[in-house]
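Chains as they are written, first to last, in the working numbering: chain A, 19 to 773; chain B, 19 to 773. Glycine included, every Cβ here is placed at the ideal spot set by N, Cα and C. Fair warning: this is a prediction, and the values are worked out from it, not measured in the lab.
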């Protein structure tokens, strides 16, 4: 459903089949595991059985003698890493920690931490050889929970980590708290003192995984001249290039990263794990080497998102949210870098709140280093604030959506960092939710309840670079460098078609490798349709200009005497109208100056904020604790929906991931730091049988910072579900759950006072 | 050896290691046969055992039932081909003949002509299945020699082929002569009547093969949505795309051709043979299909160059060549399209001759359809004219080089088609030969002799399109679409380095596929370093402009206030000089507007003519007929030598191919049209043991049509050797050989009067 007026566009807003669709559903698309090269051998990693231990010795001599083994690797084979931060395309990265996370040096910091690697003629020979590697560990007590890790007496993951304040100041004593940040405004305590109603609670969420279908993989070929080719599944081949270059201290220009099709990422396919290992194994063996993770490897050793603890106090006076105090503690995993900053920055963004103090803590624990997961940091923060607002609404007898509408952020409202919002659409989302058939319908029956929640995601811009080459038959090859995860080949091709006034299917998009297109930042931050779309628009205008010039030259007039519209160049004089179609100009390219190639290359500014408001009805079985999602409506300001089906798909996917996070998913650890549920059998993600059809309501408040009004749409849909479902369960049961997941066990335990 | 003055260039003229060198010598480079895809199966072709026959029936039913067979194909699976000419990137092509040559329809026209194809799980299963295909032939008498084929009573390859005149007029009766062309000027008969000396002879050459090491190959994947991906060894992926599109009547925009590394081409890797077969087998089987030729397939069924018969009469008066009459008859093979036009156009180009009549005949015979072979058409023509000039020089007592110098073409001289030459370097070549240590040295000893000859090649321009993307570390990815056969990654990267004032090794060239770069014509006609070099230069200027704009913006001045030179942008005012290096501007790209990407896209005009003059000393063993090449000096006007080593390599390679052609190579047929020597054991190409070091003398007369003076260099070196060696043998033996090859057998037979 789209609430927009009649569209001014011809291609934008339609729903063509994605160019890569048939190839993917028929199994022809090439993923990383499909790569096969002459002479290719197989790499496998030895992983730590301990969550926290010193490595005292690694003896690989027996493994090196095993049949079929051509290379064995430990961290000693990596060049010494500098202990400094560097911008490597996914924000600042500590180079030593980046390297240590790939192959542990002096210490293992989580179970599954890689300590050595073998390359052999067959995967089985590699696995057998791993068993012959002797690692002497000095086992240390692990710390597995964010609150435990913050205690002064907690085991330290690193003796040289000190808490860094925003001022740059560092703590006197080493700590598991890597950093502390704060956003503050007004007089919070005074506002609480005057409040009509206050809610104060602690909220916790567990570490959860993105759950992409395709495990990490990397195939590398290190040539004798030092050039390296890497085939991999990644959201950002240029980031892989930058990070591999840094870990191996190898010039980026000698590294070519070929992005294969990607079987899901959700943020988790931005960091590198296997790529430098495959590369060094290739260097040592002289062969191309392919390395694959198992599902257990993916759970134990790739980056999930943080478990969190949020202590929140919210005050309301006369229906206005006047005060918020929040302490956010996020697990970073083994190395610093949780998304607590994003959580702290964004949690209040749907609202206009005068007095607040938000403190954020980035905390290391003996679990895998977290990585981005769809709207990283925001869902847990929204779980807290949106749960509290729901409770406050009930306290003051307000409709929970009306409370949100009354306090909504609008154009000009300042975010907690002081930035004023441009035109945004939160209020429109709340209005659409209020007016929706879903919200107007009654919710009836025992153990049933309804919840709502809003969410915000900032969206990113960053760099994109595309080339569009006109074929002589009037089709156009669009050459871009953004991995296509959610249909961006389509959404970019549609924008080029719109710019050129051509039908969609004459645009043929291709995702090129790092040697074959200008620099492109990751497919992440919901940036690709927005930022690469701007580059595509620029390339389209470039083609328009060249076509006008060529037509004008042929007609013997100045280029500015002719116009380009609807796929035609037109010359209008008092006496006549001359026209040439795109295809006619394309056909004559050879004789009018050669191939026509457009270019767009930019650092995109003006990313539009995304807002969403969700409504969910649930039924709770008080005997089994099972929560059934009866109905789910996700309202979202999508800016302009380029391809509404894929926008809806993004919303539906994000909601379903949120449902899993809310109800079932969690990293379940034993006391020694062993993940007990590291398979899809035990790690319970929602299946199609677990969820109803998610109704997506597209509100279109065009982003003024984009030629077609595009906002990113992929991340914000995962922000409201955690709270919306908790609020619905509270409505159904009268019990407020503040810890996720609200799994059958927890529901039964809490409802029956067993926990 | 380079005769140039001190170079104005920093990178051009140096000899760096080619970017693809290490990968190739270490076996890591990926050729077509290396492609392996999941589910890939293997295709093989059934070929005709007859040189000329009607196909009455093909029964594939038994083959279809063979184990492992997933698809069987005959010409009936191709869409009906239109019997018309179309421009498909390698000149005009008859669409029906293009299709029929790939899989025969009603008639087979040469032994080895493909009639059916099978795809099976293994190559062996495919080969076994081929044996089960029943083809009923009605065998016809073949015609194997160009002169035989021109006889009125010759068996006709096609009842519907009529001789086409340049006027478009057609012959009344069908004929094996596909076309006749003529260049004529002055009064030839009058000039002969006044001549001091005349030579009149018939010259013949045999069909010879390019002899590239890598056989033809194609792997194709036809997806359910009709998109086709083809991995192949080709000189022109865009031509493959165009031709496959035409044969399959499939839109070019749905076909992606990925050029693999190429193991030699020399013109023979321009046409398509296997690509549409692999594609249709893939469509039928639903699997990716790889098809490879054997060496025998390559000889029997890919395109060699024409056997020729040239009747030539040349007259001289007062040392001036006053009259030429030439009849050139070239074998086209099974379908029209010999290079007789090029031979006729170019044979007199080294000279300024007033009166001439040149007639050319394109003649079909029951042998494989010829394709381009290095300077196609020119070597046989040069063999004739340069042999005759040698004989004339001896007749009139002139030094053979002095005769050539006296008659040399210069700037303003008209080619036989009336085109006036711009600045050319034939006279400089003759002078360099005259002054060479080789020519000044005596040639002594029994059975030894010296010969000289000149040659000309026109060189091509055509379309090129490149993109150059600046990396943040100050390196540049050069993305081009020209298959790299002779070192063009290096020669293009060098031109970009020169344009940008950067060292060679910061430029990283990549050859992209047809979906990933603008249109590029074939690597052929010695055009790539010239034409793609112009595009590279344009892209470099584009980067210069962007860097000037960004630096100027940072300094707060207009872009035209700053200059770019030597890899730096400089602002000079009365009071100060500001500078930013290329790397500094590259590093800041993200914050100054995004990735910096340059573009060059053009139809190159101004290709420079190439001239060469060769000197060769031989020793002939009168008992065995073996001819030993004692010394060989090849002088060539190379314009500007971008990479002198690769220019020398091109010259040496061309000369050695010429030596093979002159002395040993030939398609040897029995009376039934069976090639008797279709292996490298029997088809005698020169090895390193057969030839001395070839001395290449580079004369540099810059081409005024190119920013760096580049002329094509790859083809002309094969033009003079045939005649130069024949002239040397005549000098050594006193016997003039007018038929190639001058193999031991022929030499013995002619010297001893046995033939």
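Any chain B beta carbon closer than 8 Å to residue i
i, result
"residue 613(A)", "yes"
"residue 73(A)", "no"
"residue 535(A)", "yes"
"residue 502(A)", "no"
"residue 495(A)", "yes"
"residue 483(A)", "yes"
"residue 21(A)", "Low per-residue confidence applies at residue 21(A): pLDDT is 48, beneath 50, and the placement is therefore not dependable enough to give any value."
8 Å Cβ cutoff, residue i in contact with chain A
i, result
"residue 307(B)", "no"
"residue 728(B)", "no"
"residue 719(B)", "no"
"residue 242(B)", "yes"
"residue 41(B)", "yes"
"residue 187(B)", "no"
"residue 265(B)", "no"
Burial state of residue i (16 or more Cβ within 10 Å)
i, result
"residue 110(A)", "exposed"
"residue 732(A)", "buried"
"residue 661(A)", "buried"
"residue 566(A)", "buried"
Cβ pair residue i, residue j closer than 8 Å
i, j, result
"residue 536(A)", "residue 479(A)", "no"
"residue 713(B)", "residue 456(B)", "yes"
"residue 693(A)", "residue 308(A)", "no"
"residue 618(A)", "residue 540(A)", "no"
"residue 704(A)", "residue 631(A)", "no"
"residue 624(A)", "residue 538(A)", "no"
"residue 73(A)", "residue 124(A)", "yes"
"residue 680(A)", "residue 759(A)", "yes"
"residue 245(B)", "residue 322(B)", "no"
"residue 675(A)", "residue 736(A)", "yes"
Reduced DSSP secondary structure (H/G/I, E/B, other) of residue i
i, result
"residue 332(B)", "strand"
"residue 598(B)", "strand"
"residue 20(A)", "Confidence is the limiting factor: at residue 20(A) the pLDDT is only 45, short of 50, which leaves the residue's position unreliable, though a coordinate-based value still follows. Reduced to three states, the DSSP call for residue 20(A) is strand."
"residue 420(B)", "helix"
"residue 373(B)", "strand"
"residue 751(B)", "helix"
"residue 406(A)", "helix"
"residue 439(A)", "coil"
"residue 555(B)", "helix"
"residue 706(A)", "helix"
"residue 49(A)", "strand"
Under 7 Å by beta carbon: chain B residues contacting residue i
i, result
"residue 620(A)", "611 and 612"
"residue 56(A)", "52"
Contacts that residue i makes with chain B (C-beta to C-beta distance below 8 Å)
i, result
"residue 239(A)", "46"
Contacts of residue i in chain A (Cβ-Cβ under 8 Å)
i, result
"residue 269(B)", "491 and 493"
"residue 524(B)", "271"
Contact set between residue i and chain C, taken where Cβ atoms lie within less than 7 Å
i, result
"residue 761(A)", "Absence of chain C from the displayed structure is noted, the protein chains being A and B."
Contact set between residue i and chain A, taken where Cβ atoms lie within less than 7 Å
i, result
"residue 528(B)", "533 and 534"
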